[in-house]
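The structure appears right after this line, and notes come after that.
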Amino acid sequence: MPMIRHAILLRSCNVNYKSVASKRTNVLAASKNAVVIGGGIGGIVVAGRLTKSGLSVTLLEKNAEIGGRCQSLLLDVMKKCDNAGASGQASIHGTFRFDTGPSLLLFPEIYRKTFRDLGEKIEDHVQIKRVEPAAYRVFFEGKGHLDMLYDVQHMTHQLELVEEGSGAHYLEWLSSSRLALEVSMSAFITRDFESPMDLVGLVASLIPVLPRLNVMELLGQHQGRLAERFQDPRLQAMFTFQDLYVRDSLKSIVESLGVTIRTGRSVTSIMTSGEEGAVKGVTLEDGSIVEADVVISNRDLPLSYGLLRGGTEKYGQERQAHISGLDFSAGVIAFNWCISRPLPGLLHNVFLSKSFHSSWQRAQSADQLQHCPNFYVHVPSRTDPSAAPPGCESVMVLLPVANLQEINASAAEFKTAQPFHDDLSGSSDDGSHPQNACHNELPSPPVSELYAPLVEAGRQAVLRAFSEAGFVEMMITLP
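Sequential numbering from -7 applies to the sequence shown in this note's numbering.
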């Protein structure tokens, strides 16, 4: 998916709205009141930062809870398990918790810095716990598993058992990857590229590290670079597929700084005036207006541009249409399962198909799904026992499939039915189609119907992969 910012910023003075998202320096100097649209982690943090800068900030969130995609689903279950088996429990009784957003905190230093910028220490609010005994375990269809170990010596030994020489290649890969990460964070990930002039700063930042940096490592295809180091396809696959929830803590901090949080408030438009796009405030779904000198939208970018009204409306519509027409990354089917028995062999896991390359072709229908597809499994109760009742496990499975854009495109191919005729013979006396033959335009089915066969096929494929990996208890527990 193209890398796009999730926030746009508009202010009331004469700042060109087409460049204000990337030229933030001094843009808030004369402002007093700010509105932040969207209470995801980004919205919460920017609201806190603005308040620290001296602005009066109101955060508007359409849902009942803030946090955006970082939410939890609680399921109270009371069920008798007729198929539990001799080793299982006779029933499930209790509350299961499932995280509906990220399940791993990959860059803790970014969160530490965020808390510091807000005047707090993350350790005073959140317990950061390392996943043990390995970062994750990779199951290969019919060919065992490998662990991503923290101990480099043990990791290289494990790799040498699979392929001679791979341990040294792994150390080389770690070293080059660390440098590539450091460079990409400062040169790419934390930068906006909205004009050719933005590339000037990129070149300047890369010059000092070029003697130490393999440019192809940074810009070349990841799969190709790893194929040069590892011959075994399992090792290539292991290294090529690839947030602790701080929501409540951040909410408490920004509220203590003075941010006003209003939930259940859906913003329908951002009011602007003049060709330069001076912002006046936002309009809510109930028709009320919240005036502001600064408006920051943390909604998904196409939706944010679609909110622009007044002098910026035409530009917003053009940007929304452009971004919406881009190709996006995979969709995902999430299964949340309440399991009535312990699963000690699972924690953070990736199951990879033996048909590794073809398995990344995103299935648009049940018949396109691989026999054993690639998918991710998280068992939060292995790290946090409060996520499931005693003796049980909460299991989340994420199965990559085609996104809605691709599903709709596929469905559109079948929207027009075959020609039908009002005579039973289907043709005239001369064998040609009659003139009154026509095409039947079928209505598009709802999203749930589009995905339903794929969901069921995915469920069966995941359970099949569990069974082949030795987790027959999953098959017993889930009918």
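Glycine included, each C-beta is placed from N, C-alpha and C at the ideal position.
All of these numbers come straight from a predicted model, not from anything done at the bench.
What does a CB cutoff of less than 7 Å around residue i pick up in its chain, not counting 5 residues either side in sequence?
| i | result |
| --- | --- |
| S265 | K272, G302 and G303 |
| R451 | F327 |
| A78 | Per-residue confidence for A78 stands at a pLDDT of 45, beneath the threshold of 50, marking its modelled position as unreliable; the derived number appears in the next sentence. Within the same chain, A78 has no close Cβ partners at all. |
| S347 | Q362 |
| V251 | A39, G40, T43, V49 and L51 |
| H137 | R129, V130 and F131 |
| Q397 | F320 |
| Q356 | A394, E398, I399 and S402 |
| V447 | I325 |
Evaluate residue i with the Cβ neighbour count: other Cβ atoms within 10 Å of its Cβ, from every protein chain shown; 16 or more gives buried, anything less gives exposed.
| i | result |
| --- | --- |
| S332 | buried |
| E53 | buried |
| Y443 | buried |
| H370 | buried |
| P381 | buried |
| H425 | In this prediction, H425 scores a pLDDT of 43, lower than 50, which makes its location untrustworthy; no coordinate-derived value is stated. |
| P334 | buried |
| Y142 | exposed |
| G423 | At G423 the pLDDT is 44, less than 50, meaning the model places this residue with poor confidence and gives no usable figure here. |
| F497 | The first residue shown for the chain is -7 and the last is 471, placing residue 497 beyond what the model contains. |
| S321 | exposed |
| K105 | exposed |
| G502 | Residue 502 cannot be examined here, being either before or after the span of the chain that is shown, -7 to 471. |
| M70 | exposed |
| Q427 | The predicted position of Q427 is uncertain, since its pLDDT is 45 and thus under 50; a value taken from the coordinates is nonetheless stated next. Exposed. |
| R374 | buried |
| R61 | exposed |
| R108 | exposed |
| E310 | exposed |
| A181 | Correcting the residue identity first, residue 181 is Ile in this sequence and not Ala. When all chains shown are included, I181 counts as exposed. |
| G31 | buried |
| V37 | buried |
| L453 | Residue identity differs from the one stated: residue 453 is Ala in this sequence, not Leu. When all chains shown are included, A453 counts as buried. |
| A56 | exposed |
| G256 | exposed |
| E385 | buried |
| G157 | exposed |
| S345 | buried |
| G383 | exposed |
| V439 | exposed |
Roughly how far, in whole angstroms, is the beta-carbon of residue i from the beta-carbon of residue j, given that I think they are within contact range, below 8 Å?
| i | j | result |
| --- | --- | --- |
| P354 | V389 | Reading the sequence as shown, one finds Arg at residue 354 and not Pro. Not a contact, Cβ separation roughly 17 Å. |
| G179 | L194 | For clarity, residue 179 is Ala in the given sequence; the question names Gly instead. About 6 Å separates the two Cβ atoms, so the contact holds. |
| V28 | V274 | No, V28 and V274 are not in contact; Cβ-Cβ is about 10 Å, not under 8 Å. |
| L97 | K44 | That pair is no contact at about 23 Å. |
| V123 | L339 | 7 Å |
| Y162 | L151 | 5 Å |
| F222 | E268 | The Cβ separation is near 54 Å, so there is no contact. |
| I84 | C330 | 6 Å |
| I315 | L293 | 6 Å |
| G134 | N290 | With a Cβ gap of about 44 Å, G134 and N290 do not count as contacting. |
| L276 | V259 | 6 Å |
| E474 | I245 | What the structure shows of the chain is the stretch from -7 to 471, and residue 474 is not part of that stretch, so it cannot be assessed. |
| P544 | S95 | The question about residue 544 has no answer, for the chain in this structure spans -7 to 471. |
Can we count residue i as close to the ligand SAH, meaning its CB is less than 8 Å from some heavy atom?
| i | result |
| --- | --- |
| V154 | This structure lacks the ligand SAH; in fact it carries no ligand of any kind. |
Which residues in the same chain as residue i place their Cβ atom closer than 6 Å to its Cβ, once the five residues preceding and following it in sequence are excluded?
| i | result |
| --- | --- |
| D68 | T87 |
| F463 | none |
| Y368 | V342 and L390 |
| D359 | none |
| A127 | M140 |
| N25 | S48, A284 and D285 |
| L300 | I262 and G308 |
| G159 | T148, L151 and E152 |
Please list, in chain order, all residues of the same chain as residue i whose beta carbon is under 8 Å from its beta carbon, the five residues on each side excluded.
| i | result |
| --- | --- |
| P64 | It is worth fixing the name first, because residue 64 is Ser in this sequence and not Pro. So the qualifying residues of the chain are R89, F90, D91, T92 and Y237. |
| N395 | F320, S321, A322, G323 and R354 |
| I120 | L97, P100, I114 and L236 |
| A457 | F131, E133, F343, C364, P365 and F367 |
| A461 | F131, H137 and F343 |
| R254 | T50, L51, L52 and E53 |
Could you check whether the Cβ of residue i sits closer than 9 Å to any Cβ belonging to chain B?
| i | result |
| --- | --- |
| N341 | The structure shown contains no chain B, having only a single protein chain. |
Residue ranges of each alpha helix (DSSP H) within the stretch 286 to 317, 4 or longer: 293 to 298 and 305 to 316
Within the stretch 11 to 70, ranges of the beta strand (DSSP E) (whole runs, at least 3 residues): 25 to 29 and 48 to 53
Runs of beta strand (DSSP E) lying entirely within the stretch 326 to 382, each at least 3 residues, in chain order: 340 to 344 and 367 to 370
Whole beta strand (DSSP E) elements within the stretch 71 to 142, 3-residue minimum: 83 to 91, 128 to 132 and 137 to 140
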